[in-house]
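J.: Questions regarding the structure given below will be posed in turn.
Number of protein chains: 4
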Amino acid sequence: MTSSAAARTALELTADLPVPDLEDFYRDLHRHPELSFQEHRTAARLVERLEAAGFETAEGIGRTGVAGLLRNGDGPTVLLRADMDALPVEERTGLPYASKTPGVMHACGHDLHVTWLAGAAKALADGRDAWSGTLLLVGQPAEEAGGGAAAMVGDGLYDRFPRPDVLLGQHAVPGPAGLYPHVPGLIMSATTDVEIVVHGRGGHGSRPETTVDPVVTAAYIVTRLQTVVSREIRPRESAVLTVGRIEAGTAPNIIPSTARISLNLRTQSEAVRERMIAAIRRIAQGECHAAGCPREPEVTLGGSFPATVNDPETDHRIAAVHREVFGTDTVFDSGPAMASEDFSKLALGELPYSYWFVTCTPATTWDAAPGADLLEKFDAVPSNHSPHFAPDLSTVAPGVRTLVSGALAMLG
Amino acid sequence: MTSSAAARTALELTADLPVPDLEDFYRDLHRHPELSFQEHRTAARLVERLEAAGFETAEGIGRTGVAGLLRNGDGPTVLLRADMDALPVEERTGLPYASKTPGVMHACGHDLHVTWLAGAAKALADGRDAWSGTLLLVGQPAEEAGGGAAAMVGDGLYDRFPRPDVLLGQHAVPGPAGLYPHVPGLIMSATTDVEIVVHGRGGHGSRPETTVDPVVTAAYIVTRLQTVVSREIRPRESAVLTVGRIEAGTAPNIIPSTARISLNLRTQSEAVRERMIAAIRRIAQGECHAAGCPREPEVTLGGSFPATVNDPETDHRIAAVHREVFGTDTVFDSGPAMASEDFSKLALGELPYSYWFVTCTPATTWDAAPGADLLEKFDAVPSNHSPHFAPDLSTVAPGVRTLVSGALAMLG
Amino acid sequence: MTSSAAARTALELTADLPVPDLEDFYRDLHRHPELSFQEHRTAARLVERLEAAGFETAEGIGRTGVAGLLRNGDGPTVLLRADMDALPVEERTGLPYASKTPGVMHACGHDLHVTWLAGAAKALADGRDAWSGTLLLVGQPAEEAGGGAAAMVGDGLYDRFPRPDVLLGQHAVPGPAGLYPHVPGLIMSATTDVEIVVHGRGGHGSRPETTVDPVVTAAYIVTRLQTVVSREIRPRESAVLTVGRIEAGTAPNIIPSTARISLNLRTQSEAVRERMIAAIRRIAQGECHAAGCPREPEVTLGGSFPATVNDPETDHRIAAVHREVFGTDTVFDSGPAMASEDFSKLALGELPYSYWFVTCTPATTWDAAPGADLLEKFDAVPSNHSPHFAPDLSTVAPGVRTLVSGALAMLG
Amino acid sequence: MTSSAAARTALELTADLPVPDLEDFYRDLHRHPELSFQEHRTAARLVERLEAAGFETAEGIGRTGVAGLLRNGDGPTVLLRADMDALPVEERTGLPYASKTPGVMHACGHDLHVTWLAGAAKALADGRDAWSGTLLLVGQPAEEAGGGAAAMVGDGLYDRFPRPDVLLGQHAVPGPAGLYPHVPGLIMSATTDVEIVVHGRGGHGSRPETTVDPVVTAAYIVTRLQTVVSREIRPRESAVLTVGRIEAGTAPNIIPSTARISLNLRTQSEAVRERMIAAIRRIAQGECHAAGCPREPEVTLGGSFPATVNDPETDHRIAAVHREVFGTDTVFDSGPAMASEDFSKLALGELPYSYWFVTCTPATTWDAAPGADLLEKFDAVPSNHSPHFAPDLSTVAPGVRTLVSGALAMLG
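Chains as they are written, first to last, in the working numbering: chain A, -16 to 395; chain B, -16 to 395; chain C, -16 to 395; chain D, -16 to 395.
Okay, structure coming up:
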């Protein structure tokens, strides 16, 4: 469909969206967040919606994944994807519909993604006379912990359902609600988890001279790791090294035997990723040598996602239809983000896809945020993974329209 | 009793100690370590032994404490104390009787202390014709976590049982088995736990610029705390600052909101303790300011024990009888240790007491330890709280004799 | 002149360059490096060349600056600029013409810049029949220490000589000799020097507890400053914080009263610059608080240059003529560099200019450099300010041609 | 002489000391401090005084050392020693007689030592009828930089003058003027200088990724070195590691190739000294490995002094006479200090000596110092090597009496 036709049709199909119902659906999901590969309740709720809309569904693909299929005549197969999992974060939004599960929160907006997908399922199914082709809707588990997309593919998603011709995905991000950043190429960075285990020699807290203190060694490693980005990466490269977790010891007066540091890298080229991993190894070794550790530290690579790189032609088409639906000024090239995704794993390294952002900061929050310009405000509002992350409900309907218009642009 | 009479009598009363039985008792305790205030099984085992020996007993004093009383005519009341709790340490001794409870271990020798007490109970009860007075035997809970001695006193130990005229206690320590260090004054340091909570601002690991990273801040605090001892304490003072525990974050790619550091101080004067606490506060505040934390850090004082200071006259008497029992060369002044105890809480700040050490490193371990002199070997062998701490079974009988002879020296 | 005409003319005018003579001139300058505002000998040598070519000259403008004027009929006034100063670096190239002045070296290629300017002066003067307009050649002092360009303007450069219509400048950089990177906009970053003075309390090295140690405090500040780039700057921003100098103390056993840290920032936006300066102040204050310093640290802003931003139209014209002279593949957009310049000060904030790079790494060095791609090799070869920086002599003639062709493109 | 006789005689011989003249002498020396082995003026002034008193003198022993001999019949040879050199410290006392030499100051009281020696020379010479034996007075160079005592011995001091039977020395220290601490054994620690050179790879400050930054590496080394005392030395040992000097770089925007750290150790046993040196090497290597340095760091041992250990019998005699002269309460055992001296080198490792302290803080300074007890006040007043160190002039006469009475106690 041309972008003009797709936009016009999308506006028609979403003219009477059941917004209060979708908001209730969203609030229910938000109240009941589930960690990666534990999204049983979320999957069941999504399946209910897909079936009600007339989709043929399957559950338990890749442990807790969901798929819904709607065949509607000739035309391409378009995959629309929402991720479903929440995070081990203690919610602090104070919202009436805040998480009821202690220590778990939809702090990344996946509840909104599922809501958008459910809304799009109904609108596209109800309006099936207006388009032809096949829709494959995917509720993916475990985007946060990683592995969800690969698990679904590995579990035969494309054996049980048709392989898509194109894939579409979207993510809620900070920014004044009402913008749709697109990038015709690299949009999200690669991510790599790294685990460092420091082996010291434990003992009584009152006799440090008989020990090799792994707590102190781990602390020096963390401070030393700051130099990887500050000294070793070319300033024009975008790279991040975050130590998200450090854990050592059980009591104030026992020097433990080991300490554990979990870190995460964001990179936009393989060369930088390799340089950072080499630097991490070198620093861990050097610090453990400085400490006199009885053993070399263990530096282990954990989960990793490749960069998310949009197919330029596909993304240009989707961006064009979004401009027509929402206005020219709402779509712009935001450049690559440091965030990462396993969405591209659904594309098998060869299928074309477009992945875009939907800003969702409430206007009151945005306007109140300190900062002289957009970027400063952007840094000041709660970001994804923050215990204060709280998308504006005004974005429920627009996020359905982005999916519907995007799908129509690719369908017959 | 004179020290010569006490020594002679003690050797008689302990001539036929049931050593294999006591070793079994010890191995059983070692296999089943229990954390502070959870010493139910240990307490029950000790009560069985005390009752079998003829003591009147009570359980549950100060939650899990045990007392046993034997009135035996006129004379002073002598309290003998063993602490009973184990540590949150994963045992790595490889012993056939290693801990069966994952993550819990008798890494401080309290199982040996209980064994010694049980052995002394039987020997003194069986030999009651040889002395007169009253024996009060105490199995104390929660020496490691602190609070056990105070809990027993607060729970009416001295209302339900006679208040002692003198108290005796002993502790297994590294050193070639067969030595009995005594100090006629300050023998153990004061201890103070301190907790620091760093308040940052959480967010996504890929967007550190929107956060205030508490993991990095905590790491700098740990490195900075090293200067308290290295720069701020007069070199001739003995003081220790150990960070036994650091904990922050749940996942590699989420920057948490807070980080938590638990530390322990060992000091030998109130002025040094105050200087260290002031320095810790100053450093925590300074580092959080450097980081731009949205809130001041919380620095909270936790459990603390006063110094353990032997009554010189009492300790001279006990040291004298130990010299007669074990030989002059086995008893020497080791100077004050950095370790700490809540034993003195049983003395109510006014009763005289003697507390001494019993070395317990197996000869093979000691001889194999690298080091040119005693102090270097001392540092090289596994110390208390080490996952490799493994007292020599040859010390079972001598540790009974120290108690028996010490008690006799104070009895009529 | 059109770029084709300018290229053709430039090739004619530089067909018979006296290359051996220019190489001798270069080697002589290299042997005799002079620090900022001390370029007396260098200025004299340049003036000799300008006068020999027929320029009207003046010395001592802005202390040690040089200008040469050639009026040649109607047409625009074009300024060509070379900077003349060397660096406080001990040369380690091992070259036969290495610096004869201990601790001073032409480690940034300004000797090559002066040689290029001298060669262009002669070629353009000899070929004055081929163009019309006015040439203003400038030998600028003190680019490294900063202030040289401003000093010349402040000393009346444009009162004594005509104000230019356009300015051209170029800089030797690492890279395989024979490339001419151009950027039609931001080409070099802003730079800001910052000085931190830590006030401790001095004393005897054996009594640290009576002092507040500024050496240790300065060291923690340097490690803490690594977090400015690693945690506080958006990854897609290009920013650098380098501590180029640290100085404290005079003897191993005296704790001094103060420590001094000199650092340099590279930024590409005013917001980032301000954020970094605020972070530096915060960190210095926080660390001095942590140390218990008796006084706040002094954080002083030193010299700074604005960003160098080419006039897009002018730069497109110069890039075009360079493509014609050297081949299309030799000119490309390298993106903004972190390096900084005071060249823009000569443009008074309003005159259009083009500033470009000339790669100068010898082929043998480049080929031998480890690395899988251009960027890795780029990082491996000696860069500007390195004691091993040694431009290839093969670039003497091309660097004259860039200036001659660039000037012709702007002249009549 | 018995201590009573020595005390009585000393009080007679010093009853009419020319105090105003000695104060002028002191102020003149204080105004003209000279660094180690440059004490030409100081030596000349001392020689004038010794000759005026009737001593046979020699200059230039061990470069700038001075000796004065007075033979006075039978009896032992007693050496009295003063050190003469000043420190590279900028004086900040604000005294009217403050140093006239920028950056050099008598911050350790050696000017007072020389004054005391000059006063004792005259008093003992004038009163030669009261004693018999031989006096050898030594003005030693280069105590601060080390090497002065050894230089004098190596230059034949005991070939040109009689070898002493006993040596006496004293040092001005903080404390309320009027106390004379003595220790019958270890009174001062061993000292060892260590130099670390970090080899990085220099480059432009804007391109850290092409360099290995030695400034940052040196800073991490300094922070890491704090753990040597805080974690590796038994708390009951007294040990100090001070980084007195750090130096790297020449300009804010050049990353240098090397950094240099000078540190000083104070130890009271050879085992601790060796452990500290091993730890320093390990830390320097580990940090340079962590940084990716192209070369191992150089860790070089510099000057060192052995511990100063008084001969107990000699020191008891001197302490006894000081008690008689100044009152029982003025002499006490202060325990070993962390300070170090090369005085013991004059004793050749075998001659008996006594070395004591003379407190010299002005009463007004002492009384105004914050602190609840003597130790806190001690830490609060300016210590040796502080730019505010200013001994009280009231100590001029007592410091002569300590020498005179001490010498008499050893003479016939």
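For each residue, glycine too, the CB sits at the ideal point set by N, CA and C.
Evaluate Glu31(C) with the Cβ neighbour count: other Cβ atoms within 10 Å of its Cβ, from every protein chain shown; 16 or more gives buried, anything less gives exposed.
T.: Residue mapping note: residue 31(C) aligns to position 48 of the third sequence, counting from 1. Exposed, by the Cβ-count rule.
J.: Does chain B have any CB closer than 8 Å to the CB of Gln268(A)?
T.: Within the first sequence, residue 268(A) is the residue found at index 285, counting from 1. No, Gln268(A) does not count as interfacial toward chain B.
J.: So what does Pro159(A) bridge to, in DSSP terms?
T.: Your numbering for residue 159(A) matches position 176 in the first sequence. DSSP output for Pro159(A) lists Thr344(A) as bridge partner(s).
J.: Which chain C residues are close to Leu248(A), counting only those with a beta carbon under 9 Å from its beta carbon?
T.: Start at 1 with the first residue of the first sequence, and residue 248(A) comes out as number 265. Within 9 Å Cβ-Cβ: nothing; Leu248(A) doesn't reach chain C, min ~11 Å.
J.: Closer than 7 Å by beta-carbon distance: list the chain B residues that pair up with Asp362(A), in chain order.
T.: Taking the first sequence and counting its residues from 1, the one referred to as residue 362(A) is at position 379. Under the 7 Å cutoff, chain B gives Glu192 and Thr193.
J.: Inspect the beta-carbon positions of Phe288(B) and Gly129(B) and report whether they are closer than 8 Å.
T.: Position 305 of the second sequence, counted from the first residue, corresponds to residue 288(B). Position 146 of the second sequence, counted from the first residue, corresponds to residue 129(B). A contact, by the Cβ cut-off of 8 Å.
J.: Does Asp57(A) pass the burial test, meaning 16 or more other C-beta atoms within 10 Å, or should it be called exposed?
T.: Your numbering for residue 57(A) matches position 74 in the first sequence. Counting Cβ neighbours within 10 Å, Asp57(A) comes out exposed, since fewer than 16 surround it.
J.: So for Val166(B), helix, strand or coil by DSSP?
T.: The residue you call residue 166(B) lines up with position 183 of the second sequence. DSSP places Val166(B) in coil when its eight states are reduced to three.
J.: Between which two residues does the beta strand (DSSP E) carrying Ile179(D) extend?
T.: Position 196 of the fourth sequence, counted from the first residue, corresponds to residue 179(D). Ile179(D) -> beta strand (DSSP E) spans Ala173 to His182.
J.: Taking all protein chains shown into account, decide if Thr311(C) is buried (16 or more other Cβ within 10 angstroms of its Cβ) or exposed.
T.: Here residue 311(C) is taken as the residue at index 328 of the third sequence, counted from 1. Label assigned to Thr311(C): exposed.
J.: Answer with buried or exposed for Ser(-13)(B), where buried requires no fewer than 16 other C-beta atoms within 10 angstroms of its C-beta.
T.: Reading the second sequence from its first residue, position 4 is the one you call residue -13(B). Exposed, since its Cβ has fewer than 16 Cβ neighbours within 10 Å.
J.: Going by Cα to Cα distance, which pick from Asp362(D), Glu73(D), Met(-16)(D) and Pro157(D) is closest to Thr378(D)?
T.: Residue 378(D) sits at position 395 when you count from the first residue of the fourth sequence. Among Asp362(D), Glu73(D), Met(-16)(D) and Pro157(D), the Cα nearest to that of Thr378(D) belongs to Pro157(D).
J.: Please list the partners that Tyr203(D) has in chain C, where partner means a Cβ-to-Cβ separation under 7 Å.
T.: Translated into the one-based positions of the fourth sequence, residue 203(D) becomes position 220. Ordered by position in chain C, the residues that pass the 7 Å Cβ test against Tyr203(D) are Thr206.
J.: What is the C-beta distance between Leu386(D) and Leu100(D), in whole angstroms, given that I count them as a contact (C-beta under 8 Å)?
T.: Within the fourth sequence, residue 386(D) is the residue found at index 403, counting from 1. Within the fourth sequence, residue 100(D) is the residue found at index 117, counting from 1. Right, their Cβ atoms sit about 7 Å apart.
J.: Taking the alpha carbon of Leu331(C) as the point to measure from, which residue in Asp298(C), Ala363(C) and Met135(C) has its own alpha carbon closest?
T.: On the third sequence, position 348 is the one that residue 331(C) refers to. That would be Met135(C), whose Cα lies nearest to the Cα of Leu331(C).
J.: If we define contact as Cβ-Cβ less than 8 Å, is Ser213(B) a contact residue for chain D?
T.: Taking the first residue of the second sequence as position 1, residue 213(B) is located at position 230. So yes, Ser213(B) belongs to the interface.
J.: Please name the residue in Ile244(D), Ile260(D), Glu253(D) and Gly232(D) whose C-alpha comes closest to that of Asn247(C).
T.: For the purposes of this step, residue 247(C) is identified with residue 264 of the third sequence, where counting begins at 1. When each option's Cα is compared against that of Asn247(C), the closest is Gly232(D).
J.: Where does His468(A) sit, in a helix, a strand or coil, going by DSSP?
T.: Outside the shown range of chain A, which is -16 to 395, sits residue 468(A), and nothing can be said about it.
J.: Taking Cβ-Cβ distances shorter than 9 Å, what residues in chain A pair up with Asp298(D)?
T.: Mapped onto the fourth sequence, residue 298(D) falls at position 315. Residues of chain A passing the Cβ test: none, with the nearest at roughly 32 Å.
J.: Taking DSSP as the reference, what is the three-state secondary structure of His89(D)?
T.: Within the fourth sequence, numbered from 1, the residue matching residue 89(D) stands at position 106. Reduced to three states, the DSSP call for His89(D) is coil.
J.: Between Glu17(B), Lys105(B) and Asp7(B), which lies nearest to Pro402(B) when the distance is taken from Cα to Cα?
T.: Residue 402(B) lies beyond the stretch modelled for chain B, which goes from -16 to 395, so this question has no answer here.
J.: According to the neighbour-count rule (16 or more other Cβ atoms, all chains shown, within 10 Å of its Cβ), is Asp298(A) buried or exposed?
T.: Here residue 298(A) is taken as the residue at index 315 of the first sequence, counted from 1. The residue is buried, with at least 16 neighbouring Cβ atoms inside 10 Å.
J.: In three-state DSSP terms, what is His305(A)?
T.: Taking the first residue of the first sequence as 1, we reach residue 305(A) at position 322. In the structure shown, His305(A) sits in a helix (DSSP, three-state: H, G or I).
J.: Would you mind working out which of Pro147(A), Asp350(A), Ala36(A) and Pro1(A) sits nearest Val334(A), comparing C-alpha positions?
T.: Working through the first sequence from its first residue, we reach residue 334(A) at position 351. According to the sequence shown, residue 334(A) is Leu rather than Val. Looking at the Cα atoms, Pro147(A) is the closest of the given residues.
J.: Given this structure, state the Cα-to-Cα distance separating Glu279(B) from Pro280(C), to the nearest angstrom.
T.: The residue labelled residue 279(B) in the question sits at position 296 within the second sequence. The residue labelled residue 280(C) in the question sits at position 297 within the third sequence. Cα to Cα, the separation comes out at about 21 Å.
J.: Give the single residue among Asp325(D), Ala373(D) and Ala267(D) whose Cα lies nearest to the Cα of Thr348(D).
T.: Against the fourth sequence, residue 348(D) aligns to sequence position 365. Here the closest residue by C-alpha is Ala373(D).
J.: Do you know how far the Cα of Ala242(D) is from the Cα of Val181(D)?
T.: Locating residue 181(D) in the fourth sequence gives position 198, where the first residue counts as 1. Locating residue 242(D) in the fourth sequence gives position 259, where the first residue counts as 1. If you take the alpha carbons of Val181(D) and Ala242(D), they lie about 5 Å apart.
J.: Does the distance from the CB of Ala273(C) to the CB of Gly269(B) come in under 8 Å?
T.: For the purposes of this step, residue 273(C) is taken as residue 290 along the third sequence, with counting starting at 1. For the purposes of this step, residue 269(B) is taken as residue 286 along the second sequence, with counting starting at 1. Cβ atoms of Ala273(C) and Gly269(B): closer than 8 Å.
J.: Could you check if Gly43(C) is buried or exposed, using at least 16 other CB atoms within 10 Å of its CB as the buried criterion?
T.: Taking the third sequence and counting its residues from 1, one reaches residue 43(C) at position 60. Gly43(C) is exposed by the Cβ-count criterion.
J.: Using 8 Å for Cβ pairs, my map puts Ala50(B) next to Thr60(B). What's the rounded Cβ distance?
T.: The residue you call residue 50(B) lines up with position 67 of the second sequence. The residue you call residue 60(B) lines up with position 77 of the second sequence. Incorrect: roughly 12 Å between the Cβ atoms, too far for contact.
J.: Return the residues of the segment 219 to 238 of chain A that lie within a Cβ-Cβ distance of less than 8 Å from chain B, sorted by chain order.
T.: Of all residues in the segment 219 to 238 of chain A, Val223, Thr225, Val226, Gly227, Arg228, Ile229, Glu230, Ala231, Gly232, Thr233, Ala234, Pro235, Asn236, Ile237 and Ile238 have a Cβ within less than 8 Å of some Cβ in chain B.
J.: Would you be able to state if there are at least three C-beta pairs under 8 Å between the segment 182 to 199 of chain D and the segment 335 to 347 of chain D?
T.: The segment 335 to 347 of chain D vs the segment 182 to 199 of chain D: no contact.
J.: As an exercise, report each continuous beta strand (DSSP E) stretch of at least 3 residues that is fully enclosed by the segment 15 to 83 of chain A, in chain order.
T.: 39 to 44, 48 to 55 and 60 to 66, all fully within the segment 15 to 83 of chain A.
J.: Identify the contact partners of Asp176(C) in chain D, using a Cβ-Cβ distance below 8 Å as the criterion.
T.: Taking the first residue of the third sequence as 1, we reach residue 176(C) at position 193. Near Asp176(C) (Cβ distances below 8 Å), the residues of chain D are Pro235 and Asn236.
J.: Measuring straight from C-alpha to C-alpha, what distance separates Asp362(D) and Thr193(C)?
T.: Here residue 362(D) is taken as the residue at index 379 of the fourth sequence, counted from 1. Here residue 193(C) is taken as the residue at index 210 of the third sequence, counted from 1. When rounded, the distance between both Cα atoms is 5 Å.
J.: Bridge partners for Ile229(B) per DSSP, in chain order?
T.: In the second sequence, residue 229(B) corresponds to position 246, counting from 1. Looking at the DSSP assignment, Ile229(B) forms a beta bridge with Ala231(A) and Ile244(B).
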